[in-house]
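In UniProt numbering, the protein residues as written are 1 to 224.
So, in structure tokens, the structure goes:
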């Protein structure tokens with residue numbers, strides 16, 4: 001005897017944007033005889049535009065959709081000749097339903113999001129995640145701060161008043177007197193060129209004798 005399949009969706013728990021994905025998962029089991037979504041039909045929902053689903057109005061009562069889905073599932077299993085079910089929900093309240101359907105010999109495929117509890121997943125014959133979970137964006141780590149930049153930061157911090165920074169013209173003299181460093185010995189040749197090449201570390205003012213330079217605290221997380 002050929003298996004008969006029912007797809008039952010908790011429309012209050014699963015978004016209608018997953019409609020096609022649910023049907024795709026169900027198609028692996030065969031051609032569904034029953035495809036229903038349970039929700040308050042008077043409420044705005046993406047399920048109103050989902051093709052292939054019969055919307056069952058469950059009303060507004062507490063857990064109304066859950067209760068009606070469970071009643072229909074047991075009726076389909078006991079007298080409707082359905083022996084394969086796709087239950088789409090991330091609600092652990094369907095754990096008991098999955099156990100009871102399997103006790104009656106039915107195969108139960110759970111479909112839900114990553115938040116679905118372990119108990120419900122294990123109660124099903126198998127469980128399919130409907131979404132891959134939140135994506136993780138890898139943020140490249142900031143390059144290490146050179147020892148020279150730590151020295152520059154310390155000199156700017158000592159000369160700065162209320163975060164105003166220090167005159168660029170005074171930076172070179174301070175670096176030489178304190179650390180014996182001359183910018184001419186570095187590839188950039190000038191302090192403006194050196195600082196401008198590191199915009200993540202320094203904020204330079206307009207050119208001129210009164211040009212100010214400030215360091216960016218976020219560029220020096222270990223020293224901020």
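Backbone N, C-alpha and C fix where the C-beta goes; we use that ideal spot for every residue, glycine too.
Coarse secondary structure for residue i, derived from DSSP in three states
| i | result |
| --- | --- |
| residue 60 | coil |
| residue 39 | strand |
| residue 14 | coil |
| residue 32 | strand |
| residue 215 | strand |
| residue 94 | helix |
| residue 207 | coil |
| residue 181 | coil |
| residue 87 | strand |
8 Å Cβ cutoff, residue i in contact with chain D
| i | result |
| --- | --- |
| residue 13 | Given the protein chain composition of this structure (a single chain), no chain D is represented. |
Straight-line gap, residue i to residue j (C-alpha atoms, nearest Å)
| i | j | result |
| --- | --- | --- |
| residue 110 | residue 57 | 22 Å |
| residue 131 | residue 161 | 53 Å |
| residue 49 | residue 125 | 30 Å |
| residue 93 | residue 82 | 21 Å |
| residue 107 | residue 84 | 5 Å |
| residue 43 | residue 201 | 53 Å |
| residue 76 | residue 105 | 13 Å |
| residue 53 | residue 217 | 56 Å |
| residue 88 | residue 78 | 20 Å |
Residue i versus the options, residue with shortest Cα-Cα distance
| i | options | result |
| --- | --- | --- |
| residue 112 | 174, 47, 18 | 18 |
| residue 183 | 203, 213, 148 | 148 |
| residue 60 | 45, 51, 39 | 39 |
| residue 229 | 15, 6, 163 | Outside the modelled stretch of the chain, which goes from 1 to 224, sits residue 229, for which no answer is possible. |
| residue 91 | 127, 103, 79, 207 | 127 |
| residue 36 | 3, 116, 86, 62 | 86 |
| residue 119 | 47, 95, 197 | 95 |
Anticipated Cβ contact below 8 Å, residue i with residue j, distance rounded
| i | j | result |
| --- | --- | --- |
| residue 10 | residue 45 | Going by Cβ atoms, the distance from residue 10 to residue 45 rounds to 12 Å, so no, they are not a contact pair. |
Problem set entry | Length at least 3, wholly inside the region 105–167: the beta strand (DSSP E) runs in chain order | 107–112, 126–129
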